[in-house]
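The numbering of the sequence shown is full-length UniProt numbering, which starts it at 1 and goes up by one.
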Amino acid sequence: MTYALAVIVPLLSILSILLTIPPLLLHWKNRNVPVISLICWFLCLNLFNIINAFIWPNDDMENWWSGLGLCDVEVKVMIASYVAVPGNLLCIFRSLACVMDTRRAMLIPSKQQRWWNFGMEVLFCVIVPALAMATHIFYQANRYILFGISGCVNSFDESWVSLILAWVWPLVICLIAGYYCSLVLYRLHRYRSQFGDILQSSNSNLNKSRFMRLFVLSFVMLLAIIPVQIFVVYKNIDLSLPWHSYSWKVAHGPHWDEIPKLPSHGNAFFDRWFPIISGVMFFIFFGCGRDASRMYRRFLRLDHSFTGTHGSSVDGPRSNGPGPMSSRVRLLFQKSWNSTVGTYAGNPTTANDRSFRDMEKGAVSSPEPQREQSVSWLKHPWSFLNRSLGRPSSSNRARIISFPNPSAPSNTVSANAWAGSSQSRGSNDFTYMPGKEGFIQVKRDISQESELQR
């Protein structure tokens with residue numbers, strides 16, 4: 001007899017997989033590696049739910065398939081997922097904390113910083129799960145255990161090795177992720193009045209909406225995982241006591257190839273529900289926004305009817321560039337272009353006043369822009385971006401790091417970078433800085449010669 005959960009679990013897993021596809025495509029477009037990795041792990045676990053419930057839907061153990069080959073792969077992947085999911089959350093919170101780090105805010109991160117961030121993502125998304133799979137052999141009491149509905153389940157040796165190599169590491173990684181989560185909460189509270197400016201000055205594709213959705217989703221997952229990990233560690237220790245002295249021959253004796261089969265009595269393991277719930281949460285946070293709506297319209301070939309002002313997004317500027325640098329330049333160009341064009345088109349008589357005000361603030365505007373050049377920009381607003389992204393000449397590169405001549409007409413992109421004051425180079429970020437006096441608003445002017453009339 002097939003149990004009800006043997007039908008409900010795979011159906012809900014299929015639904016969760018379908019709901020997870022739109023958030024996966026959106027984060028793939030933004031190249032958010034930790035979120036992509038997290039979604040892929042849940043997709044894999046949901047796939048296991050479907051396969052296992054289909055193969056072992058009842059407690060007829062005499063007719064069960066032994067699961068050779070399939071379960072050998074599944075138990076390795078599940079062991080890796082125990083540390084991969086907390087590791088992905090750690091990388092997400094760390095990236096959000098770096099975005100809110102005003103001491104290291106810059107327009108373009110250095111090569112060392114890019115490699116360091118990439119190394120942290122590779123460490124917790126790839127290397128740590130791979131090490132978990134490699135060390136699984138040391139505490140693997142049996143190849144695997146078969147349960148009804150749940151299918152393949154890991155078997156642990158009842159010794160201290162299982163605690164050191166398996167049970168404790170997911171909890172440790174969760175606690176480190178909790179530290180970065182508290183750091184994000186602290187910086188959100190501290191810089192709440194400058195939150196939007198900090199996001200605009202950061203080299204990321206995040207705006208307020210995306211930042212908060214990603215943070216709240218990761219925060220809810222972490223709150224759910226930490227108590228579960230504490231319970232799992234406690235329960236595994238309690239059930240495995242008294243521990244025997246570890247021995248490779250004892251752990252991999254003649255019984256190692258035996259496959260225990262246990263009935264489920266119509267119940268599924270509690271951890272089988274986590275990937276299902278996680279897929280629904282991903283869709284709620286990222287599958288119902290304006291970015292997802294535009295993607296649905298393009299998929300249904302209805303995007304041509306939503307052009308013009310309806311195509312703009314409240315979530316932030318549209319980013320179709322090849323990487324974070326192009327999206328950052330587009331953000332800066334849109335902000336500067338809107339302010340400049342609005343001044344000269346709405347009230348040309350105040351052009352000189354606006355130019356002098358910008359000079360006082362540290363930004364230089366063109367005092368008398370050419371008419372033909374402005375018309376060219378209005379017809380082809382991204383032509384400047386295409387040229388600015390090209391390889392500059394030696395003279396242009398020299399101008400990029402210097403301030404332009406206020407008397408010469410130039411095309412200016414103004415960026416705000418926030419930097420917090422500290423007492424020393426190695427000072428802690430938690431140093432108190434009262435109000436706006438503790439910040440330095442640095443305006444960087446990126447100037448290039450006008451070559452748009454080609």
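Backbone N, C-alpha and C fix where the C-beta goes; we use that ideal spot for every residue, glycine too.
Around the beta-carbon of Glu62, fewer than 16 other beta-carbon atoms lie within 10 Å, marking it exposed. Assigned with DSSP and collapsed to three states, Leu262 falls in strand. Straight-line measurement puts the Cα of Asn30 at about 7 Å from the Cα of Asn205. In terms of Cα proximity to Gly87, the closest of Leu241, Leu47, Ile39 and His255 is Ile39. In terms of Cβ geometry, Ser66 and Ile259 form a close pair [threshold 8 Å]. Counting along the chain, Gly151 sits inside the beta strand (DSSP E) bounded by residues Gly151 to Val153. Around the beta carbon of Gly69, a 10 Å sphere encloses fewer than 16 other beta carbons of the protein chains shown; the residue is thus reported as exposed.
Counting only runs of 4 or more residues that sit fully inside the region 173-215, the alpha helix (DSSP H) segments are 195-201, in chain order. If you look at Leu123, you'll find it isn't in any alpha helix (DSSP H); DSSP assigns it neither H nor E. Closest in alpha carbon position to Cys98, among His255, Gln140, Leu199 and Trp248, is Leu199. With fewer than 16 other CB atoms across the displayed protein chains lying within 10 angstroms of its CB, Pro227 is exposed. Along the region 221-270, the alpha helix (DSSP H) occurs as fully enclosed runs of 4 or more residues at 248-251, listed in sequence order. Shown here, Leu146 sits in a strand according to DSSP, grouped into three states. Leu43 is not a Cβ neighbour of Ile14, given a cutoff of 8 Å.
The alpha carbon of Tyr186 has as its nearest neighbour, out of Leu96, Asn58 and Gly196, the alpha carbon of Leu96. The Cβ neighbour count for Leu146, taken over all protein chains shown within 10 Å, is at least 16; the residue is labelled buried. Beta-bridge partners of Phe156 (DSSP): Gln140. In this structure, the straight-line span from the alpha carbon of Pro57 to that of Val172 is close to 35 Å. Ile55: member of the alpha helix (DSSP H) spanning Val33 to Ile55, first to last residue. Shortest Cα-Cα distance from Asp59 to any of Trp273, His265 and Arg190 involves His265. Spatial neighbours of Met133 in its own chain (CB-CB distance under 7 Å, excluding positions within 5 residues in sequence) are listed in chain order as Lys76, Ile79 and Ala80. With the rule of 3 Cβ pairs closer than 8 Å, the region 119-129 does not count as touching the region 204-224. The C-beta separation of Phe138 from Val168 comes to about 14 Å, leaving the pair out of contact by the 8 Å criterion.
For the 8 Å CB-CB criterion, Phe93 and Ser218 form a contact.
Going by DSSP, Tyr82 is part of the alpha helix (DSSP H) stretching over Leu70 to Val99. For Met295, the uninterrupted alpha helix (DSSP H) segment begins and ends at Arg290 to Phe299. Note on Arg143: 16 or more other CB atoms within 10 angstroms of its CB, so buried under the neighbour-count rule. Looking from the CA of Val73, the closest CA among Tyr82, Arg190, Phe48 and Thr2 belongs to Phe48.
Here the alpha carbons of Pro242 and Leu24 stand approximately 45 Å from one another. In the DSSP assignment, Asn30 falls within the unbroken alpha helix (DSSP H) covering Leu5 to Asn30. The beta carbon of Pro10 is closer than 7 Å to those of Asn49, Ile50, Ala53 and Phe54 in its chain, skipping five residues each way along the sequence. Rounded to whole angstroms, the separation of the alpha carbons of Ile21 and Val220 is 20 Å. Of all alpha-carbon atoms in Ser37, His27, Asn46 and Val232, the one lying nearest the alpha-carbon of Ile8 is that of Asn46.
Proximity to Ser193 across Phe270, Met295 and Met100 peaks at Met100, based on C-alpha coordinates.
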